[in-house]
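*Asks:*
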Amino acid sequence: MEFLIEAIDLRKRYGEVIALDGASLRVRRGVTALVGPNGAGKTTLIEGVLGLRRLDGGRVYLFGEEVRGELSSRIAKRIGVVLEGFSLMDTLTVVENLELAARLAGLRPSLRQILNALDKVGAKELARRLYGKLSTGQRRRVDIASALLGEPELLILDEPEAGLDPGARVELVALFEGLARGDGVSVLFSTHDLSIASRAWEAAVIVRGRVVEQGPPLEIARKYGGTWRVRARFSDGGEKVVEVGDLRDLPRVLEGLADAVFINVESPDMFNAFRKLAGYV
Ligand SMILES: Nc1ncnc2c1ncn2[C@@H]1O[C@H](COP(=O)(O)OP(=O)(O)OP(=O)(O)O)[C@@H](O)[C@H]1O
Ligand SMILES: [Mg+2]
Numbered sequence: 271m272e273f274l275i276e277a278i279d280l281r282k283r284y285g286e287v288i289a290l291d292g293a294s295l296r297v298r299r300g301v302t303a304l305v306g307p308n309g310a311g312k313t314t315l316i317e318g319v320l321g322l323r324r325l326d327g328g329r330v331y332l333f334g335e336e337v338r339g340e341l342s343s344r345i346a347k348r349i350g351v352v353l354e355g356f357s358l359m360d361t362l363t364v365v366e367n368l369e370l371a372a373r374l375a376g377l378r379p380s381l382r383q384i385l386n387a388l389d390k391v392g393a394k395e396l397a398r399r400l401y402g403k404l405s406t407g408q409r410r411r412v413d414i415a416s417a418l419l420g421e422p423e424l425l426i427l428d429e430p431e432a433g434l435d436p437g438a439r440v441e442l443v444a445l446f447e448g449l450a451r452g453d454g455v456s457v458l459f460s461t462h463d464l465s466i467a468s469r470a471w472e473a474a475v476i477v478r479g480r481v482v483e484q485g486p487p488l489e490i491a492r493k494y495g496g497t498w499r500v501r502a503r504f505s506d507g508g509e510k511v512v513e514v515g516d517l518r519d520l521p522r523v524l525e526g527l528a529d530a531v532f533i534n535v536e537s538p539d540m541f542n543a544f545r546k547l548a549g550y551v
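Each number in the numbering used here corresponds to the 1-based position in the sequence shown with 270 added.
(1) State yes or no: is the C-beta of T313 nearer than 6 Å to some heavy atom of ligand 2?
(2) In the DSSP assignment, find the alpha helix (DSSP H) that holds N367 and state where it starts and stops.
(3) Under the three-state reduction of DSSP, which class applies to K347: helix, strand or coil?
(4) Would the region 446 to 463 count as touching the region 365 to 382 if we require 3 or more Cβ pairs under 8 Å?
(5) Helix, strand or coil, according to DSSP, for R492 in the structure here?
(6) So G327 is in the beta strand (DSSP E); what residue range does that whole segment cover?
(7) With 16 other CB atoms within 10 Å as the buried threshold, where does M271 fall?
(8) Whole angstroms are fine: how far does the CA of L424 sit from the CA of K403?
(9) Grab me the residues of F356's own chain with a C-beta within less than 7 Å of its C-beta, minus the 5 sequence neighbours each way, in chain order.
(10) Count the other CB atoms, across all protein chains shown, that sit within 10 Å of the CB of T313; report buried if there are 16 or more and exposed otherwise.
(11) Between the alpha carbons of A543 and N308, how many angstroms are there, rounded?
(12) Could you check how far apart the C-beta atoms of A470 and V301 are, in whole angstroms? I think they sit under 8 Å.
(13) Name the DSSP bridge partner or partners of W498?
(14) Using CA atoms only, rank isn't needed, just tell me which of T461, R478, T497 and A310 is closest to L517.
(15) Starting from A474, follow its DSSP beta bridges and name the residues at the other end.
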């Protein structure tokens, strides 16, 4: 099975609004970011794939099997989900929350399994704390632990970075990376934060209801994010900018600028790529 999720030509209208306009997405093992601006269709796509929103058209395959509408419990069991605006109960402790969430999902994990899920997200020491008194970043880790209780192969999160500071966002992607590498749990997350999308193994860029590009972030950056550019300044105040089309030419270019007093090398970047793909430039 090459793809955990294969969504082909998904369509969804809400009255006049076209939310999905032939969106296709392929999710491999690893960490995949679905990145797009507000209103691009991320939540509709994710919830459509999960059978939580009725789609007007298209086909969805999960783990190689075609699904229509509500997921069978056999497939649902293989997926852990944290949707947009998800929250556990403020007045319960973390462990009580996870016990409740598990029971609602038809699971009966032991305390050891609950602590193990918390451990995977680096939140074991929060076990006895009240959920409502945790910081946003701590709550997000506990939310993710609740989605791991059923030991899924695939974790799907809709905008998990909301409310997190830049450092906590980077830690969140590191957590996904750890889950994918260490625990064999693949992750699909939606985001409009390019800095965390660019840390995923693959990024799918969604704009106005269509996935306009998908691939490793560096490849997307190379394709759309401009060239390598060397900016050199000289002691007489002069400046020179050299565009480098092929990275292999960079050493030769730098050699030619040996008498510069300051050199800055700019790489093609995801921000430029995204701006171009989203039609901002
Ligand atoms: N239940 C709904 N009823 C009517 N229109 C909707 C509904 N849900 C979404 N839409 C519209 O569909 C489009 C796509 O919305 P969606 O929530 O999927 O985008 P998104 O990429 O998740 O945005 P955000 O980044 O703001 O969460 C938007 O124009 C939105 O207004
Ligand atoms: Mg959304």
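Don't be surprised by glycine CBs; every beta carbon is placed ideally from N, CA and C.
All values reported here derive from a predicted model rather than from experimental measurement.
*Replies:* Judging by the given coordinates:
(1) yes
(2) V364 to L374
(3) Judged by DSSP in its simplified three-state form, K347 adopts coil rather than helix or strand.
(4) Note that the region 446 to 463 does not touch the region 365 to 382; fewer than 3 beta-carbon pairs, one per stretch, sit closer than 8 Å.
(5) helix
(6) G327 to L332
(7) exposed
(8) 29 Å
(9) D413
(10) buried
(11) 17 Å
(12) 5 Å
(13) V514
(14) Taking only the C-alpha atoms, the option nearest L517 is T497.
(15) L304 and Q484
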